[in-house]
Amino acid sequence: MSERRVRVRFAPSPTGPLHMGGVRTALFNYLFARKHGGDFLLRIEDTDQTRYVPGAEQYIIEALRWCGLNYDEGVDIGGPCAPYRQSDRKELYHKYAMQLIDSGHAYYAFDTPEELEKKREEWQNLKLDVQQYNAVTRGELKNSLTLSAQETQQLLDSGMHYVVRFKMPEDENIVVNDIIRGEITVHSTQVDDKVLYKSDGMPTYHLANVVDDYLMNISHVIRGEEWLPSLPLHVMLYRAFDWLAVMPQFAHLPLLLKPEGKGKLSKRDGDKMGFPVFPLEWKDPFSGEVSSGYREKGYFQEAFVNLLALLGWNPGTEQEIFSMDELINAFDLDKVGKSGSKFDPEKAKWFNQQYLRMKSDEELSQMFLPIVQQRTVIASMQMVRSVVPLVKERAQFVHEMWEQTSFFFDAPAGYEEKAVKKTWKENSVAHLQFVKEMIESEPDMAAAHFEPRVKDAITENGFGMGAVLNALRLALVGELKGPHLFDIMRIIGKENTLARINKAIAYMSQMQTHTS
Numbered sequence: 022m023s024e025r026r027v028r029v030r031f032a033p034s035p036t037g038p039l040h041m042g043g044v045r046t047a048l049f050n051y052l053f054a055r056k057h058g059g060d061f062l063l064r065i066e067d068t069d070q071t072r073y074v075p076g077a078e079q080y081i082i083e084a085l086r087w088c089g090l091n092y093d094e095g096v097d098i099g100g101p102c103a104p105y106r107q108s109d110r111k112e113l114y115h116k117y118a119m120q121l122i123d124s125g126h127a128y129y130a131f132d133t134p135e136e137l138e139k140k141r142e143e144w145q146n147l148k149l150d151v152q153q154y155n156a157v158t159r160g161e162l163k164n165s166l167t168l169s170a171q172e173t174q175q176l177l178d179s180g181m182h183y184v185v186r187f188k189m190p191e192d193e194n195i196v197v198n199d200i201i202r203g204e205i206t207v208h209s210t211q212v213d214d215k216v217l218y219k220s221d222g223m224p225t226y227h228l229a230n231v232v233d234d235y236l237m238n239i240s241h242v243i244r245g246e247e248w249l250p251s252l253p254l255h256v257m258l259y260r261a262f263d264w265l266a267v268m269p270q271f272a273h274l275p276l277l278l279k280p281e282g283k284g285k286l287s288k289r290d291g292d293k294m295g296f297p298v299f300p301l302e303w304k305d306p307f308s309g310e311v312s313s314g315y316r317e318k319g320y321f322q323e324a325f326v327n328l329l330a331l332l333g334w335n336p337g338t339e340q341e342i343f344s345m346d347e348l349i350n351a352f353d354l355d356k357v358g359k360s361g362s363k364f365d366p367e368k369a370k371w372f373n374q375q376y377l378r379m380k381s382d383e384e385l386s387q388m389f390l391p392i393v394q395q396r397t398v399i400a401s402m403q404m405v406r407s408v409v410p411l412v413k414e415r416a417q418f419v420h421e422m423w424e425q426t427s428f429f430f431d432a433p434a435g436y437e438e439k440a441v442k443k444t445w446k447e448n449s450v451a452h453l454q455f456v457k458e459m460i461e462s463e464p465d466m467a468a469a470h471f472e473p474r475v476k477d478a479i480t481e482n483g484f485g486m487g488a489v490l491n492a493l494r495l496a497l498v499g500e501l502k503g504p505h506l507f508d509i510m511r512i513i514g515k516e517n518t519l520a521r522i523n524k525a526i527a528y529m530s531q532m533q534t535h536t537s
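For what it's worth, the numbering used here labels the leading residue of the sequence shown as 22, then goes sequentially.
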């Protein structure tokens with residue numbers, strides 16, 4: 022018998038924006054499929070129409086594309102198992118629900134919500150250990166197991182609302198192996214008789230999920246830890262359908278935890294600490310609230326994917342920076358941990374910085390130019406190409422380069438107050454005048470001899486190197502920041518350098534007049 026082809030799926034519900042935990046689930050599915058030469062599918066699980074959010078499905082598609090997680094079959098591109106949206110497949114689920122009833126593995130239940138609530142109150146008052154619809158309690162409820170065949174049919178013919186529930190075995194240990202967590206054993210009395218199908222024609226997640234995985238020949242189900250409680254039911258459904266021979270292998274991924282390590286990472290944590298939890302910006306169609314995204318915050322797609330890969334998966338080496346091909350080659354579900362993985366927003370910024378440094382100066386210049394153009398009319402590509410190499414090692418994001426280079430494009434409108442008090446003394450005007458005269462006499466400020474000539478002259482005159490150069494930096498930049506001072510002078514050019522020095526001298530002279 023030939024080895025089964027690897028086929029995995031990412032199956033989100035369109036109930037809102039895709040959380041970064043969901044993206045990580047998609048990523049691990051993608052890496053596993055590519056590692057084993059298999060197929061990666063996108064299926065939209067929208068059986069719960071009450072929670073459907075307009076725009077969420079398109080958001081999911083766009084987010085996966087931005088991350089480079091290109092699927093082989095899916096809701097928008099089709100494939101041999103189409104359609105890939107469960108609401109477009111709802112007619113076929115009825116057949117499988119009836120198959121389970123006919124084989125005795127499921128039953129009709131006619132209890133109203135009010136009747137069920139009354140029963141739960143009775144169970145609570147009696148302090149019963151079991152307070153759910155299961156093998157222990159179903160014998161006293163309104164279903165086809167307690168009603169005669171005639172009574173059941175009469176209720177169905179009358180149009181009475183019903184659900185189809187799975188008939189969980191009364192006393193059995195359900196055993197399943199999880200690739201990440203090993204052997205899991207759950208007693209059947211701990212699992213309630215879940216609803217599989219409703220009389221409105223819609224299946225629940227459980228039935229649709231198992232039927233679709235079977236029909237789409239899914240070999241491995243890689244999903245979040247939150248689905249572990251559903252695992253016993255899904256295994257029993259495979260058995261009830263006599264599909265155990267083709268049941269997928271399961272792997273339940275650990276949670277992404279808050280930065281402090283306690284509890285699942287949520288949007289509220291991101292709002293509180295100022296970092297995104299969604300890959301792309303999302304505008305809620307109902308409230309209009311806008312949630313930030315990693316793309317819009319300036320993260321590189323490669324950095325976002327890289328940081329997600331290392332949340333819960335350990336390559337077993339010291340390597341932290343991985344290309345997508347390197348991730349595919351190194352990925353192994355056996356190296357995914359069981360315990361939750363704490364998200365560190367500062368580490369996320371570090372990843373972005375590493376990718377920024379790896380990009381060529383030309384590539385960064387092309388990215389930085391539009392940012393400069395939004396902020397100043399003096400936005401030549403030549404100037405951008407000159408300043409990018411000077412600051413790329415200092416920035417974590419491309420947009421941060423503006424904060425470190427704005428003075429190249431626009432002369433300072435004023436001077437930072439603390440720096441003025443610290444740097445500009447009574448003799449600073451004379452110092453700047455001295456440098457100005459040297460610049461005026463220098464035909465080429467880019468010449469190799471210019472910097473040592475100025476510094477030698479400062480030393481020879483006994484001015485104090487720091488006093489002169491800091492006063493000059495403040496004149497050119499407006500603050501005591503920026504790259505190498507002589508690089509600044511070379512890039513802004515002789516004319517602009519002199520203009521800024523003259524402006525600073527005038528400012529200092531006026532300041533001294535007011536204080537005298």
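Cβ atoms here follow ideal geometry from the backbone N, Cα and C, with glycine treated the same way.
The model shown is predicted, which means the values in this text are computed figures rather than measured ones.
task = State whether the region 27-37 contacts the region 231-246, with contact taken as three or more CB pairs (one from each stretch) at a distance under 8 Å.
result = yes
key: Whole-number beta carbon distance between Ala-369 and Phe-296, since they are thought to touch under 8 Å   = 7 Å
message = Assuming the contact rule is C-beta atoms closer than 8 Å, Gly-314 and Phe-299 should be a hit. Round their C-beta distance to whole Å, please.
response = 5 Å
ask   = Can you find at least 3 beta carbon pairs, one from the region 442-459 and one from the region 470-490, that sit closer than 8 Å?
value = yes
Minimum C-alpha distance to Pro-126 - residue among Cys-102, Phe-262, Arg-64 and Pro-253 = The amino acid occupying residue 126 in the given sequence is His; Pro does not appear at that position. Nearest C-alpha to His-126: Phe-262.
inquiry  = Just to confirm the assignment, what range does the beta strand (DSSP E) spanning Lys-219 have?
reply    = 216-219
message = Mapping the DSSP letters down to three states, classify Asn-164 as helix, strand or coil.
response = strand
request  = Compare the Cα-Cα distances from Met-422 to each of Ile-392, Leu-348, Lys-148 and Tyr-105 and report the closest residue.
outcome  = Ile-392
query = How big is the Cα-Cα spacing for Tyr-80 and Ser-381?
reply = 31 Å
Range covered by the alpha helix (DSSP H) that runs through Glu-83 = 77-87
inquiry  = Can you tell me which residues form a DSSP beta bridge with Ser-312?
reply    = Trp-303
ask   = If you count every other CB in all the chains shown that lies within 10 Å of the CB of Lys-443, and 16 or more means buried, which is it?
value = exposed
key: Of the listed residues Met-268, Ser-251, Glu-481 and Leu-453, nearest to Val-212 (C-alpha basis)   = Ser-251
request  = Taking only the alpha-carbon atoms, compute the straight-line gap between Trp-334 and Leu-276 and give it to the nearest angstrom.
outcome  = 12 Å
task = Taking the CB atoms as reference points, tell me whether Ala-118 and Tyr-183 lie closer together than 8 Å.
result = no
task = Whole angstroms is fine: what's the gap from Pro-269's alpha carbon to Leu-254's?
result = 14 Å
For Leu-519, three-class secondary structure by DSSP = helix
inquiry  = What would DSSP say about Trp-248, mapped onto helix, strand or coil?
reply    = helix
ask   = Where Leu-497 and Glu-437 are concerned, what is the direct C-alpha to C-alpha distance, given to the nearest angstrom?
value = 12 Å
request  = Compare the Cα-Cα distances from Glu-172 to each of Thr-71, Val-197, Asp-353 and Phe-131 and report the closest residue.
outcome  = Phe-131
inquiry  = Taking only three categories from DSSP, how would you classify Thr-68?
reply    = coil
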